[in-house]
Each structure stands twice: as structure tokens, then as C-alpha cells.
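Engineer: Before we start, here is the structure in question, set down as C-alpha cells.
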Amino acid sequence: MKESTFINLGATNHGKSKREENDYYATEPIAGKLLLEIEPDLNNIWECACGEGHLAKVFDEAEKLGKATDLINRGYGTVEDFLINTNPYHNGDIVTNPPYKYAQQFVENALERVDTGRYVCMFLRVLFLESQSRKKLFTTQPPKTVYVFIIFFSTHCSP
Ligand SMILES: C[S@@+](CC[C@H](N)C(=O)[O-])C[C@H]1O[C@@H](n2cnc3c(N)ncnc32)[C@H](O)[C@@H]1O
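First residue of the sequence shown: 152, per the numbering used here; consecutive thereafter.
Listed below in C-alpha cells is the structure:
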């Protein structure tokens, strides 16, 4: 069984505003740093919905980034629709904070593209685990680990 990790994240909170087109919400880079700390074997990472590179830059600095792509050119990585199988195989791990409305497709698509033993890590809301429509996914390829990140934002951070 391929290893998969479903994770909640410290995404920029747009809860009260209109949802961004293409579900663009930048992830707090600290979430990527914490992930590398707890999953040090991650390597040759494909950030397949990279946005402006908030996660990808962290992976690049740690020399763990294989490639970064997004449907939209946001000034980082290259343009590629992850849900179209132009690159069906990835010789490494896949990590992203996907567009929530296509989260399940991203998880399924990612699991198909990596080898057994590699990682698919998705930053998702905990709510993702609750849907009955994902019963088949969770029965056939259940998440190996679920980390719940709680990130507190403050304008008065102590060093
Ligand atoms: C929630 S944002 C996350 C951005 C980035 N991963 C981060 O953590 O900061 C989701 C991103 O998915 C991209 N996206 C939406 N549909 C996509 C698709 N079919 N293929 C690739 N990227 C897609 C959006 O353009 C957006 O940048």
C-alpha cells in the first residue's frame, strides 16, 4: 500500500471573503517546515498545485523539491493541470495543499502516480475525513497518518 498522509494546515484564512477563483489560498510556510521535520524521508517532492510557491520554496530550500506546477501561472513553477494525466508517473513524493473542491481527485490522482512506499501528503481540512462519498477511497487506500496542525497567528510574536 502506498503511504498517504492527510493533513490540516495553516492556510491563509479567507473564511469570510468570497472564495478565490481556482481555490487559491496560500499555505503558511511553517506548515511545510513542520512536515519535513516529522516526515524526514520525503524527497523529490512534486508540489502539484504550487500557487506562489509558499510550500515549494520551503521544500526547495531543504533540497527536497523535484518540481512545482500549477494550473495558473502565479509566478512560481510551471503550468500544468494536475488532473490531466500528462505526467502519469512521478518518481518521488507528492505534497500539496490542493484546491479543496477537487481534493479527492488530487488525492486519487497522486496515489496513482507514485510508487508503493512513496508518500502522498495533502494539507486538508479535517472535514475531509468525514464524507461518506470517500468511503471507497478510505477503505482501499486509508490514510497512514493524520497530523492535525494548529497554527496560531499573532502580530505580537515573541522570538
Ligand atoms: C489552496 S491553493 C494552494 C497553493 C499552494 N499549494 C500553497 O500551499 O500555498 C490551490 C492551488 O491549486 C491550483 N489548482 C487548481 N486546480 C488545479 C489543477 N487542476 N491542477 C493544478 N493546480 C490546480 C490553484 O491555482 C491554486 O494555486
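All C-beta atoms, glycine included, are put in the ideal place defined by N, C-alpha and C.
Could you give the first and the last residue of the continuous beta strand (DSSP E) run that contains I301?
Structural biologist: Taking the sequence shown and counting its residues from 1, one reaches residue 301 at position 150. Note, I301: premise wrong, no beta strand (DSSP E); not H, not E.
Engineer: With a cut-off of 8 Å on the beta carbons, I'd call G243 and F210 a contact; round off their distance for me.
Structural biologist: On the sequence shown, position 92 is the one that residue 243 refers to. On the sequence shown, position 59 is the one that residue 210 refers to. With 8 Å as the limit, G243 and F210 do not qualify as a contact, their Cβ atoms being about 11 Å apart.
Engineer: Taking Cβ to Cβ, would you say D192 is nearer than 7 Å to K252?
Structural biologist: Here residue 192 refers to the residue found at position 41 of the sequence shown. Here residue 252 refers to the residue found at position 101 of the sequence shown. Contact flag unset, no.
Engineer: Can you say whether I196 is buried or exposed, counting buried as having 16 or more other CB atoms within 10 angstroms of its CB?
Structural biologist: By one-based count along the sequence shown, residue 196 stands at place 45. Result: buried.
Engineer: Please indicate yes or no: does the CB of P239 lie closer than 6 Å to some heavy atom of ligand 1?
Structural biologist: One-based indexing of the sequence shown puts residue 239 at position 88. Answer for P239: no, Cβ out of range of ligand 1.
Engineer: According to DSSP, is K286 helix, strand or coil?
Structural biologist: Here residue 286 refers to the residue found at position 135 when the sequence shown is read from its first residue. Note: K286 maps to helix in three-state DSSP.
Engineer: Using only CA atoms, which one of F300, V271, A200 lies nearest to I235?
Structural biologist: Translated into positions along the sequence shown, residue 235 becomes position 84. Checking every option, the nearest Cα to that of I235 belongs to A200.
Engineer: Following a CB-centred definition, is N224 positioned closer than 6 Å to any heavy atom of ligand 1?
Structural biologist: Numbered from its first residue, the sequence shown carries residue 224 at position 73. Not under cutoff, so the answer is no.
Engineer: Nearest-angstrom Cα distance between G268 and L288?
Structural biologist: Here the question's residue 268 lines up with position 117 in the sequence shown. Here the question's residue 288 lines up with position 137 in the sequence shown. Taking the straight line joining both Cα atoms gives about 18 Å.
Engineer: Do you know offhand how far K208's Cα is from A177's?
Structural biologist: For this step, residue 208 is matched to residue 57 along the sequence shown. For this step, residue 177 is matched to residue 26 along the sequence shown. Answer to the nearest angstrom: the Cα atoms are 12 Å apart.
Engineer: Please classify T291: does DSSP put it in a helix, a strand, or coil?
Structural biologist: Walking along the sequence shown from the start, residue 291 turns up at place 140. T291 falls in the helix class under three-state DSSP.
Engineer: Express the C-alpha separation of V258 and L222 in angstroms, rounding to a whole number.
Structural biologist: The sequence position of residue 222 within the sequence shown is 71, counting from 1. The sequence position of residue 258 within the sequence shown is 107, counting from 1. Computed Cα separation, rounded: 16 Å.
Engineer: Could you tell me if K215 is buried or exposed, where buried requires 16 or more neighbouring beta carbons within 10 angstroms of its beta carbon?
Structural biologist: Translated into positions along the sequence shown, residue 215 becomes position 64. The residue in question, K215, is buried, as its Cβ has 16 or more Cβ neighbours within 10 Å.
Engineer: What does a CB cutoff of less than 7 Å around N260 pick up in its chain, not counting 5 residues either side in sequence?
Structural biologist: As a working note, residue 260 is residue 109 in the sequence shown. If we look at N260 and ignore the five residues flanking it on each side, its Cβ neighbours are F233, L234.
Engineer: If I measure Cβ to Cβ from R225 and keep anything under 7 Å in the same chain, skipping five residues before and after, which residues do I get?
Structural biologist: Sequence index remark: in the sequence shown, residue 225 carries index 74 (1-based). G202, E203.
Engineer: Anyone know if the C-beta pair for L206 and E198 falls short of 7 Å?
Structural biologist: Within the sequence shown, residue 206 is the residue found at index 55, counting from 1. Within the sequence shown, residue 198 is the residue found at index 47, counting from 1. Their beta carbons are under 7 Å apart, which means L206 touches E198 by this criterion.
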